[in-house]
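Undergrad: To start, I am sharing the structure in question, which I have written as structure tokens.
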Amino acid sequence: MSSDPGLDAYVFAAAFVEEMARAGVRHVCISPGSRSAPLALAIANETRLEFWVHVDERCAAFFALGLARSLDQPVALLCTSGTAAANFYPAIVEARSAGVSLLVLTADRPPELRDVGAAQTIDQNRLYGAHVKWFVEVALPEATPGMLRYVRTLAARAVAQSTETPRGPVHLNFPFREPLVPQPGATLRSSEGRADGRPWVRVTRSPRSLDQESALNVATRMKNATRPIIVCGPQSDTGLAKPLADLSRAIGAPILADPLSQVRWGIHDRKAIVDSYDALLRHERTAQKLAPDLIVRVGGTPTSKALLQYLERQSSAPLIVVAEAQWPDPSLLAEEMVRADPATAFTQLFSIIDTEPPESEWLDRWLDADRIARAALEQFSCSLGEAFEGAAMSDVASVVPDGATLFVSSSMPVRDLDAFAAGDKRAIRVMSNRGANGIDGVISTALGAAAGSRSGGRGPLILVIGDLAFYHDMNGLLAAKLNRLDVTIIILNNDGGGIFSFLPQARHPDHFEKLFGTPHGLDFEPVATLYGGTYQLASDSASLRRCAGDAISRGGLQLIEVRTERERNVALHREAWEAVASALDTM
Ligand SMILES: Cc1ncc(C[n+]2csc(CCOP(=O)(O)OP(=O)(O)O)c2C)c(N)n1
Ligand SMILES: [Mg+2]
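Here it is as structure tokens:
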């Protein structure tokens, strides 16, 4: 123990922070507080780290989630003790469900001040329960060689734990005793790590592949199928598209590409991509004609309910799920679970199958239906003289520049993107908080992704969000103002929860508006002024495309509102599906 215990705490914290940086962390979201001072100062002094300060911890954690997603890197979070830490909770739940690496650092009182009425002290032991992969009650800081070895190893291990498949959040609770800062004038020295900036512990791993025998078995099943389909659900690996396209070609399978699959858009071989399945599988006769004899699924559970229901009806076709870690099969119909990294597994399978592609009347049948459904949807949208959420979603998707990121909120935006937006060869990343499907933290996550796009040298970020989800996270907009982020936000304002009008409760009008519709009557224009942004109201397709195009090229915080009406929106969706059905009837 030195004569400056505040300096010892700093040295200990700085060793942790330095090791975090050496293990690949580049960004930290910090929320203000006193107990966390040793870590906050160490982070601010670590030149490899960029730090983002957020007053609202809920926003901070979602912002970190968006950054981690965008950069495909672990991101750290720091807050003080008490309810501050509890406000991290929803983003941690999402990170756990969606497999995103976060290092959650919370400061705490030392053991002797717990449960004795000390201020701002709650039980932070395993605060996030099963929603973190790893919890550590960190030792009290000491600047001795042994304890510095301990804290360096801890940092390396925490990063490794959070980035190991399945990725996820880890929680480290740091007790600090007062004094929390070094004496005035003290030199903020740090301890010695390994030479040449090497991490204290280098962690090595390689993607999980299939052993020879399993690969041969799965390849044989795929090759023998005459009516195979591949369903690609939400996933973030942009490297999956090519091996997936190769495999689909080798077995003559259509790829039903979820909007969050990173396969619907992109420059890979697109010949087998089907993206109108949500509309065409609602047509019973077409769905029957498209009954598969093998289903291969990869990625998370698909967004489309029509697709999920179709898959459940095909229970006689064997279902092979390729998933390295999660168990993405709520249908409980999987016959085989292939435990390997999907891109690696598909490359292996393709190298075994690599024969002349089969003459595929089967694939043509899918592509014909897809073309007819798409044309009917487009014709329907063009014929409207009013704002329609489905058309708005495809309008926005159509003006997203190559290289941009499109973030869509849960509830109807992600479903409308799925149902109405056609894929093409633009390299567009599509993101959404679909781990736990929350409508909270959407703005902050999107802004985190915008920050990630900026630091990764990528294109702009466009967010499409419902009015309730927008309202839920308005606090998050401060990050756009303070950090001068470029983000175009399209608010689909139907004055409440539009999704509920599609659900059975809509047929119980007595309490519907109060309990489910939840209109708020808010005027969003002043929100743009409050946060230093620009506001536009778009009244139809043409003006939405124009406003969005202008907003994206202007940069800064751009809000565009599209006003719709919930009941009318349901009617228009039904008309769109009917238009598709009539077109398919002629097939
Ligand atoms: C945090 C959270 N609270 C509640 C819900 C339940 N919920 C699902 S959709 C929805 C309404 C969303 O409304 P809005 O964002 O306006 O989108 P719309 O349905 O109108 O497209 C609600 C409350 C949820 N998913 N997440
Ligand atoms: Mg709404």
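For the working numbering, add 35 to where a residue sits in the sequence shown, where the first one is 1. For every residue, glycine included, the Cβ atom is placed at its ideal position computed from N, Cα and C.
For R374, which of helix, strand or coil comes out of DSSP?
TA: What you label residue 374 is simply residue 339 of the sequence shown in a count that begins at 1. If DSSP states are grouped into helix, strand and coil, R374 belongs with coil.
Undergrad: Using the rule of at least 16 other Cβ atoms within 10 Å of the residue's Cβ for burial, across every protein chain shown, is G552 buried or exposed?
TA: Along the sequence shown, read from residue 1 onward, the residue named residue 552 stands at position 517. Buried, because 16 or more other Cβ atoms sit within 10 Å of the Cβ of G552.
Undergrad: So, under 8 angstroms CB-CB, P327 and P263 are touching, yes? Tell me the CB distance rounded to an integer number of Å.
TA: By one-based count along the sequence shown, residue 327 stands at place 292. By one-based count along the sequence shown, residue 263 stands at place 228. Correct: roughly 6 angstroms between the Cβ atoms.
Undergrad: Run the CB neighbour count on E53, radius 10 Å, all protein chains shown included, and call it buried at 16 or more, exposed below.
TA: On the sequence shown, residue 53 is found 18 positions in, with the first residue counted as 1. By the neighbour-count rule (16 or more Cβ atoms within 10 Å), E53 is buried.
Undergrad: Going by CA-CA distance only, name the one from S244, T156, A126, I330 that's closest to S366.
TA: Counted from its first residue, the sequence shown places residue 366 at position 331. It is I330 whose Cα lies nearest to the Cα of S366.
Undergrad: Relative to the C-alpha of S444, which residue among D437, P436, D453 is closest?
TA: One-based indexing of the sequence shown puts residue 444 at position 409. Closest by alpha carbon: D453.
Undergrad: Do G438 and L106 have their CB atoms nearer than 8 angstroms?
TA: Position 403 of the sequence shown holds residue 438. Position 71 of the sequence shown holds residue 106. Their beta carbons are not under 8 angstroms apart, which means G438 does not touch L106 by this criterion.
Undergrad: Could you tell me whether the Cβ atoms of R161 and S116 are closer together than 8 angstroms?
TA: The residue you call residue 161 lines up with position 126 of the sequence shown. The residue you call residue 116 lines up with position 81 of the sequence shown. Not in contact: R161 and S116 (Cβ atoms no closer than 8 angstroms).
Undergrad: By Cβ distance below 8 angstroms, which residues in the same chain neighbour G491 in space, the five residues on each side in sequence not counted?
TA: Reading the sequence shown from its first residue, position 456 is the one you call residue 491. Taken in chain order, the residues that qualify are S105, L106.
Undergrad: What residue from K324, A484, V333 has the CA that sits closest to N518's CA?
TA: Reading the sequence shown from its first residue, position 483 is the one you call residue 518. It is A484.
Undergrad: Compute the distance between the beta-carbons of M257 and I286, then report whether it is under 8 angstroms.
TA: In the sequence shown, counting from the first residue as 1, residue 257 sits at position 222. In the sequence shown, counting from the first residue as 1, residue 286 sits at position 251. Yes, the Cβ-Cβ distance between M257 and I286 is below 8 angstroms.
Undergrad: Bridge partners for N528 per DSSP, in chain order?
TA: Residue numbering aside, residue 528 sits at position 493 when the sequence shown is read from its first letter. Paired residues: R598.
Undergrad: Between I65 and F97, which are expected to be in contact by the criterion C-beta below 8 angstroms, what is the C-beta distance as a whole number of angstroms?
TA: In the sequence shown, the residue the question calls residue 65 occupies position 30. In the sequence shown, the residue the question calls residue 97 occupies position 62. In fact, because the Cβ distance is near 15 angstroms, the residues do not count as touching under 8 angstroms.
Undergrad: Could you work out which residue in V562, V477, A260 is closest to A352 when comparing CA atoms only?
TA: To locate residue 352, count along the sequence shown from 1; it is residue 317. Of V562, V477, A260, the residue nearest in Cα terms is A260.
Undergrad: Give me every residue whose Cβ sits closer than 6 angstroms to any heavy atom of ligand 2, in chain order.
TA: This selection yields G501, D502, L503, N529, G531, G532, G533.
Undergrad: Using a Cβ distance threshold of 8 angstroms, determine whether the segment 239-246 contacts the segment 375-389, with at least three qualifying pairs required.
TA: Contact holds: three or more Cβ-Cβ distances are below 8 angstroms.
Undergrad: Indicate whether A611 and F415 have their beta-carbon atoms separated by less than 8 angstroms.
TA: As a position in the sequence shown, residue 611 is number 576, starting the count at 1. As a position in the sequence shown, residue 415 is number 380, starting the count at 1. Yes. Within cutoff.
Undergrad: Consider the C-beta atom of L428 and the heavy atoms of ligand 1; say whether any pair is separated by less than 7 angstroms.
TA: Within the sequence shown, numbered from 1, the residue matching residue 428 stands at position 393. Checking the displayed sequence, the identity of residue 428 turns out to be Met instead of Leu. For ligand 1, not one heavy atom lies less than 7 angstroms from the Cβ of M428.
Undergrad: For S225, is the beta carbon positioned less than 7 angstroms from some heavy atom of ligand 1?
TA: Residue numbering aside, residue 225 sits at position 190 when the sequence shown is read from its first letter. For ligand 1, not one heavy atom lies less than 7 angstroms from the Cβ of S225.
Undergrad: When the Cα atoms are used, what is the spatial distance from M509 to S350?
TA: Here residue 509 refers to the residue found at position 474 of the sequence shown. Here residue 350 refers to the residue found at position 315 of the sequence shown. So the two alpha carbons sit approximately 44 angstroms from each other.
Undergrad: What ranges does the alpha helix (DSSP H) occupy inside the segment 527-608, keeping only unbroken runs of at least 4 residues that lie completely in it?
TA: List check, alpha helix (DSSP H) in window: 544-547, 560-565, 576-589.
Undergrad: Quick check on this structure: which residue in A56, T382, R284 has the alpha carbon closest to the alpha carbon of G274?
TA: Position 239 of the sequence shown holds residue 274. With distances taken between Cα atoms, G274 lies closest to T382.
Undergrad: Measure the beta-carbon distance from L215 to A44 and round it to whole angstroms, keeping in mind my assumption that it falls under 8 angstroms.
TA: Taking the first residue of the sequence shown as 1, we reach residue 215 at position 180. Taking the first residue of the sequence shown as 1, we reach residue 44 at position 9. About 7 angstroms; that satisfies the 8 angstroms criterion.
Undergrad: Mind checking I302: buried by the 16 CB within 10 Å criterion, or exposed?
TA: Locating residue 302 in the sequence shown gives position 267, counting from the first residue. Exposed, by the Cβ-count rule.
Undergrad: Which residue or residues does DSSP assign as beta-bridge partners of N259?
TA: Working through the sequence shown from its first residue, we reach residue 259 at position 224. None, per the DSSP bridge assignment.
Undergrad: Quick one: what does DSSP say A49 is sitting in, helix, strand or coil?
TA: In the sequence shown, the residue the question calls residue 49 occupies position 14. The answer is helix: DSSP assigns A49 an H, G or I state.
Undergrad: Would you give the residue range spanned by the alpha helix (DSSP H) that N80 belongs to?
TA: By 1-based counting over the sequence shown, the position of residue 80 is 45. Unbroken alpha helix (DSSP H) run through N80: 72-80.
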